[in-house]
Every structure is written in C-alpha cells, then in structure tokens.
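Here is the structure we will look at, set down as structure tokens.
2 protein chains.
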Amino acid sequence: MLSSLRVVLVNTTHPGNIGGVARAMKNMGVGQLVLVQPREFPGDAAFARAAGATDILDQARVVETLDQAVAGCQLVVGASARGRHIPWPVVDPRQLAEQVAAVFANVVADVTAELPQVALVFGREDRGLTNEELHRCHRHVHIPSDPAFSSLNLAAAVQVICYELRMASLAGEKATANPQGEPEPHWGTAWDIDSASADEMERLFVHMEQVMTDIEFLNPDNPRQLMTRLRRLYMRSHLDQVEVSILRGILTATEKALKKQEGDHV
Amino acid sequence: MLSSLRVVLVNTTHPGNIGGVARAMKNMGVGQLVLVQPREFPGDAAFARAAGATDILDQARVVETLDQAVAGCQLVVGASARGRHIPWPVVDPRQLAEQVAAVFANVVADVTAELPQVALVFGREDRGLTNEELHRCHRHVHIPSDPAFSSLNLAAAVQVICYELRMASLAGEKATANPQGEPEPHWGTAWDIDSASADEMERLFVHMEQVMTDIEFLNPDNPRQLMTRLRRLYMRSHLDQVEVSILRGILTATEKALKKQEGDHV
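Protein chains in written order, with the numbering used here: chain A, 1 to 266; chain B, 267 to 532.
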C-alpha cells in the first residue's frame, strides 16, 4: 500500500521543504514524489534537508500541471485548511488512512489486480491549494491544528499524513500475519526474560514479609496495608524472572548484613 | 491537558530545529518548551523556522540538566529508536496519547487537583538520548518508522507525537460532552493517590543505591546492570507517592537495623 502512495507538491517555493518532504516520506516508507512546477529543483538545499532520502529526490518526477501529476490515480486527496466556501468531503488524517487502507483491502485478495494509485496533494507554503485544485480531489484532508495557529510546515504536514498511512498499513499487516489476534507483548516491546510465575511471586512475598519484620518495618501485630501495597506494586509491574531474582537477592543480602553484624560482635 | 505538556530538547545542535519544534508545538496547542544545554539559543535561525511561534521561544526555559527539565513531572517519556539492549516499556505515539489522556482523565473530575505535568524528552539530532537519559523515563515512545531509514527530523518527531496527543485531547473533549466514552484511567481504575514526581523518583534511586551498597548487594566498582534493572522496574510501575514513601521507609528501616546492631554491640 505505501509504495502506491504518491505525494504531489504544487508550486513549492523553498527547495529545503522538498528535501524535508522526501525525508518524511522515506521515514514512513512512502515512495513516489511528484513536483508540479517547483520554483527551484533540484538543488543543494533540497538534498541537505533530505538527510539521506536522496533516492526519493533522484526519482522525483517534475511535471507542468496537476492533471499530469495525478494521472492514473484512483483516489486524489488534497490537503486543506478549514473553511473553503463550498463544503467538500473532509477527513482527518486518521480517517483518511482508514479509507485508503479500505481501498487496498479490497484489491489485496485479487493478486492479478493492479494496485490502486493514491495521490496526496499539498499546496504552496503560504497559500495552500487553490479552490480549482481542491475541486480536483475526491477528498480533502485537514490536520486538526489549533485554529489560532493552524498552518503547519509543509514537511510536517506530509509527515503527519504519511505517519497515519503507515500506522494503518502496519495494522493491516498485523491483522494478516496474526489473524487469531495474539496478544501484544506485555510492555509494548519484546522482553528478554520470561515473566515470573505465580508461585515465584508468592515465594517473593513470603520472603519480603519476613525481612520487613526483621528490619522492624512491619509489625506483625499491626501489619496495616503494607503487604497489600507492596503486592499491588509488584503485581502490576508484571515482574520478570531476573527481577524476582534481584529482589530476592536484595532480601537475602539484607538478612546477611544483619547477621554479619551480629556475628562480628558476638 | 495540552497546556500541561512539556517538550524537553536535550543538547539540540541546530537552532533551526528548535524553531521547527516550537512551530509544531504551537500548531498542536502544546505550550511549554524546555531546552537542556542547546548549542545555540536564542538566535535568528530558531525564530525564522518558528514561523510565528515566537511566544513559545520567548517563554522557553534553558536549563543545565535533564533533572531540572523534568522536575515536578509525574510522567516522563523519552523518544527512542528501537533496540536498546535492556528493553524498557515502549509505546507508539498513539498508545502514548491514550496513556497521557488517561492520566488527565483521572484528575479532571476534581477541579481542585493540580494538573499532572508530563515531559516529552527528545535527544540530539544525530544520537538521540543516552541510555542514562532513557533510564530516567517511565516510558519510551517509538515512532514506527521504516527500519531501513528510521531517523526522523527532530521537529517532525515532535510534530507526530504532539499530533497524537492533540487527537487524544480532542477525543477527550468529545468524551466529556459524551461521558459514556471516557478513556480508561491509567491502570484501568481510578487511583487514590497522586503519582510521584520525577525528582521524588531520583531521590528514591539515590537512596536505594546507597543501601544496596551498604548491604553489599551492589559493588560500586562493578555495578553491572543492577540500578538499571531497578530503575526500569520502578519507572514502568509508575509509583504513587505513598509507594515511594513505603520504599523510602524500607530503605531507612534497613539502615537503622544495621546501625542498631552495630550500636548494640559497640
């Protein structure tokens, strides 16, 4: 899906912004860049801001008209500020990503089908797209910025929209790779060590309660909520086996230190 | 919620990026900028790229240390590339926004409560945050970029993350109008006690390291990964203030027990 997305920049003034757009696209895995009458391209400023996304700049197509830029596209989406006087279907970047993903979901089943082409059209830094240009789009996409300061940098706008498209694409891949819906890893990242088992946790709490008593932090005649609070803390943290070993080690070291001092002086 | 978000930039090299960050923040309605030892600030390049977000630059605080930057914050989130060798809880920007919204959903009901402070910490353009800096965070946030070209421009990364936070904030406003759809609170239930602040956590770790040394569980000449693993455990657990008091109490009781036995026998 991402490789079929085409970013179209209309009449960009600053070549640095073209470079910033290329970087944002490549970060998100979006491949094709089309420039409609850029004021200055190619140039050093574009390559400097691209920070390595030079392949996207090298392969960028420069064309004369928006029509040429969006030729062959089944879906054309224009970036828009609010409040054009003729209302047009407008989506936020997340809704756009859902709609684009839906377009691709329909064709993925048929391997012989050509992938649909989608164009994301961005206007001039200072004035955006003209009404005429906006009227060539199926949809408008509006980033819900603060109305008091609503104009995003061009590369920042491309970044946000490509980010949403990438999120939708990754969600689609996960759904395909993992149709049963296996649970996500517990802390959002693969952990290097297995979680502690329930019985390991219970042995930890028995040991902890003993040491809390030894250091006179817990009064067995008036235990209050201490062990409950410690349990809640360590249970919600979902300890792994090394962490349990460390905590057990701390408890053992505390006991030893107490005994050693006794021994030193007896 | 957005006004309580603090963007912290550590050792930024290019002042233009600071301006780009200010613009991205203001577009999304995020208010506070803190700079830890920027190479050059203030300066013309920052104001040029800010494109009118000069109030954010004017009010930016410049500090010497990350500790100063995150003081008073109940949630500290570090922007991270993948693949640190000790895994830390990592979320994508959308999950982060849900978690931050949950933190605020808990306090919104109580109009007398102080709003929680949340820090979003971003590292150097070329190297990101150091491991030590990342270990001061409750969570890491990773933008799921293309692994083959993963490094976003600093302002672009701030843009994506602030965009997600704004989307969650706007969804929260809608939910307030429609209280059936409120986001889940932080641990799936309303918490009875405020979260500990970043500085309370740092004092806890200093105390812990001292006691670990006293009981000879930590060898200062060969500390290995002990404090890192303890940090990860207690940061991801998101300790509340009573829990920090309990852990400090355990450390103090351990010291006392050691001294008492010394005293008994001297």
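The beta-carbon is built from N, C-alpha and C at its ideal position, and this holds for glycine as well.
For clarity, every value in this text was computed on a predicted model and none was experimentally measured.
Of the other Cβ atoms in all chains shown, fewer than 16 fall within 10 Å of the Cβ of Gln68 of chain A; this residue is therefore exposed. Counting only the Cα atoms, Ala314 of chain B lies some 7 Å from Gly282 of chain B. Counted as a single uninterrupted DSSP element, the beta strand (DSSP E) harbouring Phe388 of chain B occupies residues 384–388.
What Asp192 of chain A touches in chain B, judged by beta-carbon distance under 7 Å, is Pro353, going in chain order. For Lys525 of chain B and His473 of chain B, the gap between their C-alpha atoms comes out near 16 Å. Annotation: Pro144 of chain A to Met294 of chain B spans about 8 Å, alpha carbon to alpha carbon.
Against chain A, the beta carbon of Thr520 of chain B has neighbours under 7 Å at Ile215, Thr254, listed in chain order. Using a Cβ distance threshold of 8 Å, Val77 of chain A and Arg124 of chain A do not count as a contacting pair. Taking Asp358 of chain B as reference, the option from B:Met493, B:Leu275, B:Glu430, B:Ala523 with the minimal CA-CA separation is B:Glu430. Following the DSSP letters along the chain, one finds His140 of chain A inside the beta strand (DSSP E) bounded by residues 139–141. Contact between Ala379 of chain B and Asp465 of chain B is absent: CB atoms are separated by about 19 Å, not below the 8 Å threshold.
Going by beta carbons, Val384 of chain B and Arg272 of chain B fall inside the 8 Å limit. In this structure, the beta-carbon distance from Leu484 of chain B to Arg514 of chain B does not fall below 8 Å. Rounded to the nearest angstrom, the Cβ distance from Ala46 of chain A to Gly19 of chain A is 4 Å, consistent with a contact under 8 Å.
Gly344 of chain B is outside the set of residues whose beta carbon lies under 8 Å from a beta carbon in chain A. Contact between Gln241 of chain A and Asp192 of chain A does not hold, since their C-beta atoms are separated by about 10 Å, which reaches or exceeds 8 Å. Per DSSP, the continuous alpha helix (DSSP H) segment holding Leu470 of chain B begins and ends at 464–480. Look at the stretch 210–247 of chain A and you find these whole runs of alpha helix (DSSP H), each 4 residues long or longer: 226–236. Approximately 6 Å separates the beta-carbon atoms of Gln425 of chain B and Val160 of chain A; this is inside 8 Å, confirming the contact. Residue environment: Asn397 of chain B is assigned as exposed (fewer than 16 neighbouring CB atoms within 10 Å of its CB, all protein chains considered). Secondary structure of Ser150 of chain A (DSSP, three-state): coil.
Listed along chain A are Gln261, each with a C-beta nearer than 7 Å to that of Glu528 of chain B. Identification of chain B residues near Pro144 of chain A by a Cβ-Cβ cut-off of 8 Å yields Arg432, Met433, Leu436, ordered along the chain.
For Gln334 of chain B, the nearest beta carbon of chain A is not closer than 8 Å to its own beta carbon. For Ala345 of chain B, the enclosing beta strand (DSSP E) starts and ends at 341–345. Membership of Gln68 of chain A in the alpha helix (DSSP H) is indicated by the continuous run 66–70. In the three-state scheme derived from DSSP, where H, G and I count as helix and E and B as strand, Ser411 of chain B is classed as coil.
Separation of the CB atoms of Glu482 of chain B and Ala253 of chain A is rounded to 6 Å, and the pair is thereby assigned contact status at 8 Å. As computed with DSSP, Arg327 of chain B is found in a beta bridge with B:Val300.
Its chain contains Phe471, Met474, Glu475, Met478, Leu484 as the residues whose beta carbon lies nearer than 8 Å to that of Met493 of chain B, once the 5 sequence neighbours on both sides are disregarded; these appear in chain order. Gln340 of chain B counts as buried, since no fewer than 16 other beta carbons sit within 10 angstroms of its beta carbon. Closer than 8 Å to the CB of Gly20 of chain A there is at least one CB belonging to chain B. The continuous alpha helix (DSSP H) containing Leu134 of chain A extends over residues 131–134.
Between Asn419 of chain B and Val407 of chain B, the alpha-carbon positions lie close to 15 Å from each other. For Ala347 of chain B and Ala79 of chain A, the gap between their C-alpha atoms comes out near 29 Å. In the structure shown, Leu5 of chain A adopts extended strand secondary structure according to DSSP, grouped into three states.
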